[in-house]
Structure formats: C-alpha cells, structure tokens
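A.B. asks:
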Amino acid sequence: MYNINDINETIAMIREENLDIRTITMGISLLDCVSDDADVLASRIYDKITRCAENLCKTGEDIEKMYGIPIINKRVSVTPISLVTAAIKPDRVVDIAKALDRAADTLGINFIGGYSALVHGGTTFADEALIESIPEALASTSRVCSSINVATTKAGINMDAVAKMGRIIKQTAELTAAEDSIGCAKLVVFANVPEDNPFMAGAFHGVGQPETVINVGVSGPGVVAVAVKKAGGCDFSELAETIKKTAFKITRMGQLVAREASQRLNVPFGIVDLSLAPTPAIGDSVAHILEGMGLEKCGTHGTTAALAMLNDAVKKGGVMASSHVGGLSGAFIPVSEDAGMISAAACGALSIEKLEAMTAVCSVGLDMIAVPGDTPAETISAIIADEISIGVVNTKTTAVRVIPAVGKSVGDSVSFGGLLGEAPIMKLSSYSSAEFIARGGRIPAPIQSLKN
Amino acid sequence: MKAVISVTGKDSMGIIYKVSEGCAKCGANIIDISQSVLKEYFAMIMIVDIDRLNIPFTEFIDSMSAIGKANNLEIHTMHEDIFNSMHSI
Numbered sequence: 001m002y003n004i005n006d007i008n009e010t011i012a013m014i015r016e017e018n019l020d021i022r023t024i025t026m027g028i029s030l031l032d033c034v035s036d037d038a039d040v041l042a043s044r045i046y047d048k049i050t051r052c053a054e055n056l057c058k059t060g061e062d063i064e065k066m067y068g069i070p071i072i073n074k075r076v077s078v079t080p081i082s083l084v085t086a087a088i089k090p091d092r093v094v095d096i097a098k099a100l101d102r103a104a105d106t107l108g109i110n111f112i113g114g115y116s117a118l119v120h121g122g123t124t125f126a127d128e129a130l131i132e133s134i135p136e137a138l139a140s141t142s143r144v145c146s147s148i149n150v151a152t153t154k155a156g157i158n159m160d161a162v163a164k165m166g167r168i169i170k171q172t173a174e175l176t177a178a179e180d181s182i183g184c185a186k187l188v189v190f191a192n193v194p195e196d197n198p199f200m201a202g203a204f205h206g207v208g209q210p211e212t213v214i215n216v217g218v219s220g221p222g223v224v225a226v227a228v229k230k231a232g233g234c235d236f237s238e239l240a241e242t243i244k245k246t247a248f249k250i251t252r253m254g255q256l257v258a259r260e261a262s263q264r265l266n267v268p269f270g271i272v273d274l275s276l277a278p279t280p281a282i283g284d285s286v287a288h289i290l291e292g293m294g295l296e297k298c299g300t301h302g303t304t305a306a307l308a309m310l311n312d313a314v315k316k317g318g319v320m321a322s323s324h325v326g327g328l329s330g331a332f333i334p335v336s337e338d339a340g341m342i343s344a345a346a347c348g349a350l351s352i353e354k355l356e357a358m359t360a361v362c363s364v365g366l367d368m369i370a371v372p373g374d375t376p377a378e379t380i381s382a383i384i385a386d387e388i389s390i391g392v393v394n395t396k397t398t399a400v401r402v403i404p405a406v407g408k409s410v411g412d413s414v415s416f417g418g419l420l421g422e423a424p425i426m427k428l429s430s431y432s433s434a435e436f437i438a439r440g441g442r443i444p445a446p447i448q449s450l451k452n
Numbered sequence: 453m454k455a456v457i458s459v460t461g462k463d464s465m466g467i468i469y470k471v472s473e474g475c476a477k478c479g480a481n482i483i484d485i486s487q488s489v490l491k492e493y494f495a496m497i498m499i500v501d502i503d504r505l506n507i508p509f510t511e512f513i514d515s516m517s518a519i520g521k522a523n524n525l526e527i528h529t530m531h532e533d534i535f536n537s538m539h540s541i
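So the sequences go chain by chain: A and B.
Numbering follows this note's numbering, in which position 210 of the first sequence is assigned residue number 210; successive positions increment by one, without gaps.
Numbering follows this note's numbering, in which position 12 of the second sequence is assigned residue number 464; successive positions increment by one, without gaps.
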C-alpha cells in the first residue's frame, strides 16, 4: 500500500520532472498483404494498418486520462517493407511508402516505422529496390521512418550496403534540403537491430513477432536527474542504488500502461523498452544526468564512465519491474533531441569522437548528429562502418542517424522543431576514407559470434 | 478500487466542501484526507472509493477537473493502480 509520500513523489515526477510514457507502439504484420500488383498491395497495407490500429490513439488517450500519466506518442511499426514488395516493380516501391503515410495520417499518429530492409548477410533484389527508393520515399512522405540493418554479430558487416547507405543518406539530405535535410532524421542504419523496438525512427515489426503486438517505451531522464541531484555527494555505490530504484518506478509505470493497452486493444503485450529517452524540453536531458554526477559539461573526460554506470543501473532497476524487457533498453544520446547534448556540442565540449566512445556503453549509437553538407558519401559510410563495428564486436545494437545538412557547415545549426529538436553542425575529420569504402564485400563475423 | 485526488491552489473558504460535494454527487466515497495550508497555499490529497461511482471513471475525472477550473484550483484525479505499481513490488 502506498502512503502520502509515495503519492507526492509520483505526482512530482509527472508534473515537475517530465515523467511520461514516450510511446505506445503497435507492431503489425503485413505478410498477408503480399501481392504482385502494387496498387492491390498498397490498398491491402492501408486497410490492414487502419483496421488493426483503429483504436490505438483513443485507447492511449483513455489510459492517459485514467492514470494521469502523459502518453506522448502512439505509433505503428510494420513488417520490413522489402519483405512484402518482392513481387512488385522496383519503381512502384515508393507507392508503398505513400500508403503507409496515408495510413498514419488516417490514424492520427506522428510516425510509422518499417520502411526497412535487413541486409546484414546480403541484399535481395527487393532490398535493393527499397533502399534505392528511400530518398524519394522520405522526401514525399512526412510520417514514414526507414531503417536498414547492415550488420549482425553473427553475419558480419555488409560493406556494400554500408557504402550504398552513405550515398542514400546524401541523396535523402539533398531531396529534403529545403527543410534542413529532415529526411535523414527519419533514416537509421543499424547493426544487430532488435525486432521489437518501439522507438522511432528504427522501429519495425520483426518476422519473429506475432500478428500484432503492443510495445511500450518509457522515458524519464528528468526523474533520474532529480534523483541524482537529491542523492548529493554520495559515492558511486549509493548513486547506482538511487538510479536503480528510480528506474524501477519508471518501468513499473510502463508495465502498467503496456498491460492496460494490451488488454483494451486485445493485442498481445510484447515488451517494455527501458530506454531513457530525452526530449529537447528543459529538464528532460540525459546529458544533464551525467553533469549532475559531477561533470562540468557532458563530453568531458569521465563522460563514458558516467554513462556506463547510468546505463547499467537503469537496466538493473528496470528489469525486475517488467515481465518482458526488450527493444533497445538503454540510455539514448541523440544530440539534437537533448538540451544538454545540444549545449555541450555547441560549446565544443562534446565531439563526434567522444560520442562514438559513449555509444560503446549505451544505447544506441551516433544519433541525430548534424554534419557539414559537403561531407563526402564515403565519409558517411566510414562513420557508419566505425559505429556498426562497435555493435558487431560487442554483440550490441548500434546505429547511425546522421544529417549531412545541405548548405550548412561547422558553426551553423539545423532546426527540425518538435521532438526532433535542433543541432549544431559537428566537425568531422577532413581526411578521406574513400579507398577503404570502395573495397566493398563483407567484413567477416567476429570470433565472438562462434558461441555454439 | 480507489482513486487519488490531488487539490492545490490559493486557499479560500469552502474548498473541501466543494470537492467533497463533487465526490458525493458522483458516488465517490471519501476514505482519507490529508490537507495542509502553507502560507496561503492550499494542498490536499484525498483518497476515494470509486466502486459505486454513478458515472464512468473518466467522466468523474472531468467533473473534478471542472470543479478545479471553476474555483481556480488544480485538481487531478488518478486511478490508484499507478501508485500501487510504482511503490510496491
């Protein structure tokens, strides 16, 4: 039984510390929509999504009201689209993105994920067609998110796909140049991508998933930051304990909402994702938690250790609070979506090299990083290769979501508004990686993959 | 089933009366009240039994919020499940 202090604590977390459910994401399988007629496929996909998720927003709003807890986003993820477009003509694949966008519009959701292909072991004709269509798909839709898995620990790294994604990211930036290259904010390149991630832009409904499923992503960097501040000058054992207890409470709330949503929608409950997801709002920053531990500015020496401790404590606290934990489950460090990261990058405390080191100990990767618009495609591919290698060797998910903002250079910034935030353009190495990327082929799976 | 009603705002005459009248009209039975006034600031947490509500719970939440708006108070009503799940194993 709760007492008056518990009630006050919960109310303060929600009203003052930005505690919220970041997303309720419904995964929907589209495998039964398959057709060799692009129009039939598009209409089947539209119909299935709008039918299955018809009550998603309303249910989310009802739960929000019942518990007094904000549920920021209701979203949909679908089967990787390249799996259902294999029989249609390559130039029609983009029409499927438009069908997804229309479905999202009808449902009233802000993002739909799954314009995706899994090419870690190699690329099928359908994967190829989907990847080639990404720039146009992201430029001609507003809600569709795309992700490509180019590597796994088991398969190694598909370097042909890495090289291609550098070019695709550049083309996407050019086609959406009028809006600060926003298309790239909806495109992620993964290693070891999870099948049940509820967070955008990387969400899709994996082939090992049920027909439909409810996955929930919690948030709460603000709550953890306040807890760290309250803990004062204690040692790390005590600090880790404080973070664990806070993460437990946050996750319990996610579990409650996930269970309730699953019951009301009559859709199986999948997982709760334990990620700490920041927003550009003041008091909702992962960087500020790290600074609260005693770092003058996020990005300085000690940041990786602080993040490693935070990430571990969040998982330890959260894992007991939920019956099924999955997705990405770790602290996110998207630069443009975190007020503290934006500030640290703008003043030069946070460099891309430090961010890369930080991704080795947390979820997910080089996320929402704006780079100069004249960055060569090969350099973007090399950034992807570096980041993906960290994931493959450490048997963890890593990803790259970079924005080569057309017409911008170091000293400028991009602004996307809303949850996507704003970001200063970060400096990259000016030396070429072109010959390295031009090799192509596959980097073999590391010895860590041989566990049988 | 229970719900937690939190009431905050500038102190004035009859706050408890208005809130409890709203509860009684909807069939919510007050189980516990914790209330304090610091300087001129009024804060109250009320636990009510909602098993015999004569309207759906979401409408009860709206009716309590309306009382808040009419009297310049912040009134939030939350189902107890959120407190149970966050604060007990």
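Cβ atoms here follow ideal geometry from the backbone N, Cα and C, with glycine treated the same way.
1. Check whether the Cβ atoms of Ile384 of chain A and Gly166 of chain A lie closer than 9 Å to each other.
2. Express the C-alpha separation of Ala177 of chain A and Glu387 of chain A in angstroms, rounding to a whole number.
3. Output the boundary residues of the beta strand (DSSP E) element that contains Ser389 of chain A.
4. Closer than 9 Å between beta carbons: that is the criterion. Which residues of the segment 38-70 of chain A meet it against chain B?
5. Mind checking Asp463 of chain B: buried by the 16 CB within 10 Å criterion, or exposed?
6. Any C-beta of chain E within less than 7 Å: which residues of the segment 493-505 of chain B qualify?
7. Met253 of chain A versus chain B: which residues are under 7 Å apart at the beta carbon?
8. Which two residues bound the contiguous alpha helix (DSSP H) that contains Gly232 of chain A?
9. Just verifying my parser: in three-state terms, what is the DSSP assignment at Thr85 of chain A?
10. Taking a cut of 8 Å between CB atoms, which residues from the segment 169-199 of chain A lie near chain B?
11. Just to make sure I have the definition right: I need the residues of chain A whose C-beta is within less than 7 Å of the C-beta of Val471 of chain B. Which are they?
12. Taking 9 Å as the CB-CB cut-off, is Glu17 of chain A touching chain B?
13. Please classify Arg439 of chain A as buried or exposed, where buried requires at least 16 other C-beta atoms within 10 Å of its C-beta.
14. Quick one: list the residues of chain A neighbouring Ile513 of chain B, beta-carbon separation under 7 Å, in chain order.
15. Nearest to Ile28 of chain A by alpha carbon, out of A:Ile112, A:Thr123, A:Thr106?
16. Taking Cβ-Cβ distances shorter than 7 Å, what residues in chain A pair up with Ser458 of chain B?
17. Would you identify the three-state DSSP class for Pro221 of chain A, choosing helix, strand or coil?
18. Indicate the three-state DSSP secondary structure (helix, strand or coil) for Tyr46 of chain A in the structure shown.
19. Got a sec, what are the start and stop residues for the beta strand (DSSP E) Glu211 of chain A sits in?
20. Looking at chain A, is there any beta carbon in it that lies within less than 9 Å of the beta carbon of Ile483 of chain B?
21. Looking at C-beta atoms only, is the number of pairs between the segment 248-259 of chain A and the segment 209-217 of chain A that lie closer than 8 Å three or more?
22. Am I right that Leu276 of chain A and Phe204 of chain A are in contact with their C-beta atoms under 8 Å? What's the rounded C-beta distance?
23. Measure how close the beta-carbons of Cys33 of chain A and Val84 of chain A come, nearest whole angstrom, since I'm counting them as under 8 Å.
24. Short check: CB of Gly330 of chain A to CB of Leu366 of chain A, under 9 Å?
25. Could you pull the DSSP bridge partners for Val144 of chain A from this structure?
26. Rounded to the nearest angstrom, what separates Gly441 of chain A and Met159 of chain A at their Cα positions?
27. From Phe125 of chain A to Gly183 of chain A, what distance separates their C-alpha atoms?
28. Looking only at its own chain, which residues have a Cβ that is under 7 Å from the Cβ of Met320 of chain A, when we skip the five neighbours before and after it?
29. State buried or exposed for Tyr493 of chain B, treating a residue as buried only when at least 16 other CB atoms are found within 10 Å of its CB.
30. Taking 8 Å as the limit between beta carbons, can you name the residues of its chain near Asn18 of chain A, skipping five residues before and five after?
31. I want to see whether chain A comes within less than 9 Å of Ile541 of chain B, judged by CB atoms only; does it?
32. Hey, Val406 of chain A and Ser181 of chain A are a contact pair by Cβ (cut 8 Å); roughly how many whole angstroms apart?
33. Identify whether Ser404 of chain A lies in helix, strand or coil by the three-state DSSP scheme.
34. If you draw a straight line from the C-alpha of Gly411 of chain A to the C-alpha of Cys478 of chain B, how long is it?
35. Kindly list, in the order they appear in chain B, the residues whose Cβ is closer than 8 Å to that of Ile7 of chain A.
36. Where does Glu195 of chain A sit, in a helix, a strand or coil, going by DSSP?
C.D. replies: Taking the structure as given:
1. The residue given as residue 384 of chain A occupies position 384 in the first sequence. The residue given as residue 166 of chain A occupies position 166 in the first sequence. Cβ atoms of Ile384 of chain A and Gly166 of chain A: closer than 9 Å.
2. Mapped onto the first sequence, residue 387 of chain A falls at position 387. Mapped onto the first sequence, residue 177 of chain A falls at position 177. C-alpha separation (whole angstroms): 25 Å.
3. Position 389 of the first sequence, counting from 1, holds the residue named residue 389 of chain A. Here Ser389 of chain A belongs to no beta strand (DSSP E); instead the alpha helix (DSSP H) covers 377-393.
4. Asp62, Lys65, Met66, Tyr67, Gly68, Ile69
5. Within the second sequence, residue 463 of chain B is the residue found at index 11, counting from 1. Asp463 of chain B is exposed by the Cβ-count criterion.
6. Structure shown: chain E not included; protein chains present are A and B.
7. One-based indexing of the first sequence puts residue 253 of chain A at position 253. The contacting residues are Ile534, Ser537, Met538.
8. Against the first sequence, residue 232 of chain A aligns to sequence position 232. Careful: Gly232 of chain A lies outside any alpha helix (DSSP H) and carries neither H nor E.
9. In the first sequence, the residue the question calls residue 85 of chain A occupies position 85. In this structure, Thr85 of chain A counts as coil in the three-state DSSP scheme.
10. none
11. In the second sequence, residue 471 of chain B corresponds to position 19, counting from 1. Per Cβ cutoff of 7 Å: no residues; Val471 of chain B is ~16 Å from chain A at best.
12. Here residue 17 of chain A is taken as the residue at index 17 of the first sequence, counted from 1. No - not a single Cβ of chain B is within 9 Å of the one on Glu17 of chain A.
13. Your numbering for residue 439 of chain A matches position 439 in the first sequence. Exposed: under 16 other Cβ atoms inside 10 Å.
14. Residue numbering aside, residue 513 of chain B sits at position 61 when the second sequence is read from its first letter. Those are Lys65, listed as they occur along chain A.
15. The sequence position of residue 28 of chain A within the first sequence is 28, counting from 1. Checked all of A:Ile112, A:Thr123, A:Thr106; the closest Cα to Ile28 of chain A is A:Ile112.
16. For the purposes of this step, residue 458 of chain B is taken as the residue at position 6 of the second sequence. Ordered by position in chain A, the residues that pass the 7 Å Cβ test against Ser458 of chain B are Ile11.
17. The residue given as residue 221 of chain A occupies position 221 in the first sequence. In this structure, Pro221 of chain A counts as helix in the three-state DSSP scheme.
18. Counting from 1 along the first sequence, the entry for residue 46 of chain A is found at position 46. DSSP places Tyr46 of chain A in helix when its eight states are reduced to three.
19. For the purposes of this step, residue 211 of chain A is taken as residue 211 along the first sequence, with counting starting at 1. Here Glu211 of chain A belongs to no beta strand (DSSP E), and DSSP marks it neither H nor E.
20. By one-based count along the second sequence, residue 483 of chain B stands at place 31. Judged by the 9 Å Cβ criterion, Ile483 of chain B is not in contact with chain A.
21. yes
22. As a working mapping, residue 276 of chain A is identified with position 276 in the first sequence. As a working mapping, residue 204 of chain A is identified with position 204 in the first sequence. The pair is not a contact, with the Cβ atoms about 22 Å apart (cut-off 8 Å).
23. Here residue 33 of chain A corresponds to residue number 33 of the first sequence, with the count starting at 1. Here residue 84 of chain A corresponds to residue number 84 of the first sequence, with the count starting at 1. That pair is a contact at about 6 Å.
24. As a working note, residue 330 of chain A is residue 330 in the first sequence. As a working note, residue 366 of chain A is residue 366 in the first sequence. No.
25. Numbered from 1 along the first sequence, position 144 holds the residue referred to as residue 144 of chain A. Beta-bridge pairing links Val144 of chain A to A:Ile112.
26. Along the first sequence, read from residue 1 onward, the residue named residue 441 of chain A stands at position 441. Along the first sequence, read from residue 1 onward, the residue named residue 159 of chain A stands at position 159. Rounded to the nearest angstrom, the two C-alpha atoms are 5 Å apart.
27. Residue 125 of chain A sits at position 125 when you count from the first residue of the first sequence. Residue 183 of chain A sits at position 183 when you count from the first residue of the first sequence. In a straight line, the C-alpha of Phe125 of chain A is about 24 Å away from that of Gly183 of chain A.
28. The count along the first sequence starts at 1 and reaches residue 320 of chain A at position 320. Hits under 7 Å: Phe248.
29. By 1-based counting over the second sequence, the position of residue 493 of chain B is 41. Exposed, by the Cβ-count rule.
30. On the first sequence, residue 18 of chain A is found 18 positions in, with the first residue counted as 1. Result list for Asn18 of chain A: Ser219, Gly220, Pro221, Gly222, Val223, Thr279, Ala281, Gly283, Asp284, in chain order.
31. Working through the second sequence from its first residue, we reach residue 541 of chain B at position 89. True, the Cβ-Cβ gap to chain A drops below 9 Å.
32. Within the first sequence, the letter at position 406 stands for residue 406 of chain A. Within the first sequence, the letter at position 181 stands for residue 181 of chain A. Correct: roughly 5 Å between the Cβ atoms.
33. For the purposes of this step, residue 404 of chain A is identified with residue 404 of the first sequence, where counting begins at 1. Note on residue identity: the sequence assigns Pro, not Ser, to residue 404 of chain A. Of the three classes helix, strand and coil, the one that applies to Pro404 of chain A here is strand, per DSSP.
34. As a first step, residue 411 of chain A must be located in the first sequence, where it is residue number 411. As a first step, residue 478 of chain B must be located in the second sequence, where it is residue number 26. About 60 Å.
35. Taking the first residue of the first sequence as position 1, residue 7 of chain A is located at position 7. Under the 8 Å cutoff, chain B gives Val456, Ser458, Ile497, Phe535.
36. For the purposes of this step, residue 195 of chain A is taken as the residue at position 195 of the first sequence. In this structure, Glu195 of chain A counts as coil in the three-state DSSP scheme.
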